[in-house]
Amino acid sequence: MEFWHGFLLITSVHLLAAASPGPDFVLVSQQTLAKGRRTGLICSLGITLGLSVHIIYSVLGLATVIAHSQPILTAIKWLGGGYLIYLGWQGIQAKPKKPVELTASVTQENAPIDHLQAKQDASTHTKFTTPNDTFTTLRRGFFCNVFNPKAPVYFVAIFTLVLSPDIPLWQLAIYGVWMMVLQMAWFSTVVMLLSVPAIHRRFQRFEHWIDRVLGSAMIVLGLNLILRHR
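Per UniProt numbering, residue 1 is the first one in the sequence shown, and the count goes up by one each step.
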């Protein structure tokens with residue numbers, strides 16, 4: 001019974017945490033709207049892998065040490081804030097589509113639904129095809145999550161306040177894997193919603209503005225992390 005009680009607590013708390021707006025959400029939204037479903041899912045996987053780092057050091061009992069070490073938190077804060085600013089700067093440098101690409105988009109909108117659906121699905125799934133692009137997207141999601149200075153504090157709360165400190169290691173491992181599943185499920189849902197052909201098609205016309213707006217949001221989040229005292 002204690003196992004399932006902790007399981008339900010982890011599920012409710014972590015779903016709320018995953019659904020809270022933050023750098024991960026902004027990055028996944030930007031990648032999905034600008035580059036399609038496949039890129040969004042790869043970015044979500046990177047975020048989930050980043051979460052595994054926090055889970056591992058928390059299970060090993062290091063979360064408390066990190067959360068109470070001002071030098072470590074400051075280093076993470078600067079790394080995380082700097083990385084968000086870097087990603088945001090890349091976003092605000094986005095350029096409008098070429099006239100030929102815009103013409104192609106208009107042609108697609110006037111095409112029959114079946115043909116349009118097929119072309120949209122193809123573009124949604126195949127924009128990123130090279131291993132380098134896949135790794136770059138995975139890396140973006142991974143570091144965006146790893147360099148979040150709020151994570152150690154969150155996991156201290158999870159593993160010391162929400163759960164009993166006497167929980168065996170195997171049980172903590174199951175909870176950790178389940179948190180990763182929840183994280184991936186949440187962001188996959190976000191990606192699937194944002195990559196619905198009717199939605200994605202509308203956003204394609206304003207791709208560079210989406211990149212710029214969400215890029216600006218990432219810069220603001222990065223500056224907020226760096227300038228925050230604690």
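Using N, Cα and C, we set each Cβ at its ideal position, and we do this for glycine too.
For residue i, the three-state DSSP class (helix, strand or coil)
| i | result |
| --- | --- |
| S44 | helix |
| H68 | coil |
| L49 | helix |
| L221 | helix |
| T130 | coil |
| G36 | coil |
| G6 | helix |
| I167 | coil |
| R228 | coil |
Integer-rounded CB distance, given that residue j should sit under 8 Å from residue i
| i | j | result |
| --- | --- | --- |
| G141 | G215 | Incorrect: roughly 16 Å between the Cβ atoms, too far for contact. |
| H54 | A151 | 5 Å |
Cβ pair residue i, residue j closer than 8 Å
| i | j | result |
| --- | --- | --- |
| L221 | L8 | no |
| V146 | A67 | no |
| M218 | L87 | yes |
| I92 | R212 | yes |
| G80 | L223 | no |
| N148 | P21 | no |
Exposure label - residue i; buried when at least 16 CB within 10 Å
| i | result |
| --- | --- |
| A18 | buried |
| S58 | buried |
| W186 | buried |
| M192 | exposed |
| H5 | exposed |
| Q183 | buried |
| L227 | exposed |
| G61 | exposed |
8 Å Cβ cutoff, residue i in contact with chain C
| i | result |
| --- | --- |
| Q90 | No chain C is part of this structure, which consists of one protein chain only. |
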